[in-house]
Amino acid sequence: MSCSLRAATVTDLDALCHLEEICFDGDRFTRRQLAYLLARANAYTLVAYATPGDEVVGYATLLFRRNSRLTRLYSFCVAPQARGGGVGRALIEALEREARRRDMTRLQLEVRADNRVALGLYRRMGFSVLRWLEGYYVDGCAAWKMDKALPSAGQAQVPQDKLGEGESRDDECREHARIAPDLSPARK
72 MSCSLRAATV
82 TDLDALCHLE
92 EICFDGDRFT
102 RRQLAYLLAR
112 ANAYTLVAYA
122 TPGDEVVGYA
132 TLLFRRNSRL
142 TRLYSFCVAP
152 QARGGGVGRA
162 LIEALEREAR
172 RRDMTRLQLE
182 VRADNRVALG
192 LYRRMGFSVL
202 RWLEGYYVDG
212 CAAWKMDKAL
222 PSAGQAQVPQ
232 DKLGEGESRD
242 DECREHARIA
252 PDLSPARK
């Protein structure tokens, strides 16, 4: 699928609400939460839209904290019909560029432990596992906290740990990775 990216505005609110509805069984952002992210939060949201046409097929939000060089991938959503077409990769690459432009040095995220597709994407994009977060989601599903170094412009990418499927930095995470596929349906 061919797509283009642009910064989200409050006029995208209906499309983002629709994506939340079709992509997530639970732990959805409310219209009010999305409006806050778009208009008031110290955040940057991108939308991906199908070309030709203008259907919004994905969005992702970075959150920034004052006096911190760490940013967080706060929300990430790709419409089912657009998955596997490079939309997720394009969103992450663009958000990384924006984070580097703002002099951020690290990007972190949380991902449902049972969302193997997202875990695979994040690993391919250079993220490594930091730790296991038991019961992180409303339905009790655990999450992986992941991290990626963001080199400044002109600097070579710092190699990330080459972790295989289910491998992590400590034995507790390894055990959780073994049981993670048995957890509940996916979110992020």
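Numbering (the numbering used here), first residue to last: 72 to 259.
C-beta atoms are modelled at their ideal positions from N, C-alpha and C, and glycine is treated no differently.
- Residue environment analysis places E164 among the exposed positions, since fewer than 16 neighbouring C-beta atoms fall within 10 angstroms of its C-beta.
- Taking each of G159, G155 and V128 in turn and checking the Cα distance to H89, the smallest one comes out for V128.
- Between R194 and L221, the C-beta gap is not smaller than 8 angstroms, which leaves the two residues out of contact.
- Relative to M196, the option among S75, L180 and R140 whose CA is nearest is L180.
- Apart from sequence neighbours up to five positions away, the residues of its chain that approach L166 with a beta-carbon distance below 8 angstroms are Y115, L117, A131, L133, L144 and L178, ordered along the chain.
- Non-local beta-carbon contacts of D83 in its own chain, meaning distances under 6 angstroms to residues more than five positions away in sequence, involve V118 in chain order.
- In the DSSP assignment, D218 is bridged to Q179 and S199.
- Taking the Cα of M217 as reference, the smallest distance to any Cα among Y208, V209 and A184 is reached at A184.
- The C-alpha of A161 is placed about 11 angstroms away from the C-alpha of Y120.
- Under the DSSP definition of a beta bridge, V118 partners with R77 and Y130.
- DSSP, reduced to helix, strand and coil, places V188 within a helical segment of the structure shown.
- The alpha-carbon of E205 is positioned some 26 angstroms away from that of L108.
- Scanning the segment 140 to 164 for uninterrupted beta strand (DSSP E) segments of 3 residues or longer gives 141 to 149, listed from N- to C-terminal end.
- When the Cα atoms are used, F198 and F147 turn out to be separated by approximately 15 angstroms.
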